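Notes for the one structure printed next.
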Amino acid sequence: MDYIPISMVKEYTYCPRQAYLKIMIMREPPTESMKYAKQVLNTEKIIRIIREQGIQGEIKLEVPVKSTKLGIVGRVDAVVINGSKAVVIETKLNIGSRKKLYMKYNHVLAQATAYAMAIEETMKVTVDKILIINQEREVTITIRPTPSLRIWIERAIQDMRKHIQNQELPPKTTNKAKCKACYFKDICPP
Ligand code: SF4
Numbered sequence: 001m002d003y004i005p006i007s008m009v010k011e012y013t014y015c016p017r018q019a020y021l022k023i024m025i026m027r028e029p030p031t032e033s034m035k036y037a038k039q040v041l042n043t044e045k046i047i048r049i050i051r052e053q054g055i056q057g058e059i060k061l062e063v064p065v066k067s068t069k070l071g072i073v074g075r076v077d078a079v080v081i082n083g084s085k086a087v088v089i090e091t092k093l094n095i096g097s098r099k100k101l102y103m104k105y106n107h108v109l110a111q112a113t114a115y116a117m118a119i120e121e122t123m124k125v126t127v128d129k130i131l132i133i134n135q136e137r138e139v140t141i142t143i144r145p146t147p148s149l150r151i152w153i154e155r156a157i158q159d160m161r162k163h164i165q166n167q168e169l170p171p172k173t174t175n176k177a178k179c180k181a182c183y184f185k186d187i188c189p190p
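Take 1 as the starting number for the sequence shown in UniProt numbering and just add one per residue.
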């Protein structure tokens, strides 16, 4: 696998084992983390919410992005470009608070950070802000793609690539609740 889909970076931070099994078995089960999937973009509403947040600049929707340095590809919901700066827009269901984003839904945080890094390389801009939008509830969470978040993602991608190349099972999630609803629970080795 030359380029890892950014959606798999999200899966890997949700459960490394699950992402690995999904890639190796080549199945697309409805994993637990997909419950927090993208909402269908309501373009008008998204643009209004972006402007209400005081974010100025050109809004580009459904932007393909790629990082050669990290070996990742994806398509981000929206990017707002203002000169050499950019804001990543990611729409998600179920995300209602910053605390949940950093705890229970940190795989969403991982995905958004990976998008930010890929956008910087693709569009030659600096991403200084990520806006997570729950368009149904009209809740927004603003985060900064800090150096520590970036390092976390770089390490996750390196780790994932190493396990894929060596065909070596990565560790299981430590959160047993995730296993209960997991598609792979019957074939996931101890
Ligand atoms: S059963 Fe648990 S550890 Fe195994 S893949 Fe599923 S979520 Fe991950």
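Yeah, the Cβ is synthetic: ideal placement off N, Cα and C, and Gly gets one too. Keep in mind the model is a prediction, meaning the values are calculated, not measured.
Any heavy atom of the ligand SF4 closer than 7 Å to the CB of residue i?
i      : result
Lys60  : no
Arg51  : no
Leu21  : yes
Thr173 : yes
Lys10  : no
Lys104 : no
Arg150 : no
Can you grab the Cα-Cα spacing for the pair residue i / residue j, in whole Å?
i      : j      : result
Cys182 : Ser67  : 30 Å
Lys129 : Ile89  : 9 Å
Leu61  : Pro147 : 26 Å
Lys185 : Met117 : 32 Å
Val102 : Lys69  : The identity of residue 102 in the sequence shown is Tyr, whereas the question assumes Val. Their backbone Cα atoms lie some 26 Å apart in a straight line.
Thr91  : Ile46  : 9 Å
Pro16  : Pro171 : 6 Å
Pro5   : Ala177 : 25 Å
Tyr14  : Leu131 : 20 Å
Asn175 : Gly83  : 42 Å
Val63  : Leu169 : 33 Å
Ile153 : Glu44  : 31 Å
Arg150 : Tyr12  : 15 Å
Please say whether residue j and residue i have beta carbons closer to each other than 8 Å?
i      : j      : result
Leu21  : Cys188 : yes
Ile157 : Gly71  : yes
Q: Evaluate contact between the region 121-135 and the region 155-165, counting only Cβ atoms and requiring at least three cross-stretch pairs below 8 Å.
A: no
Q: Could you pull out every unbroken alpha helix (DSSP H) segment of at least 4 residues lying fully inside the region 43-118, listed in chain order?
A: 43-52 and 98-102
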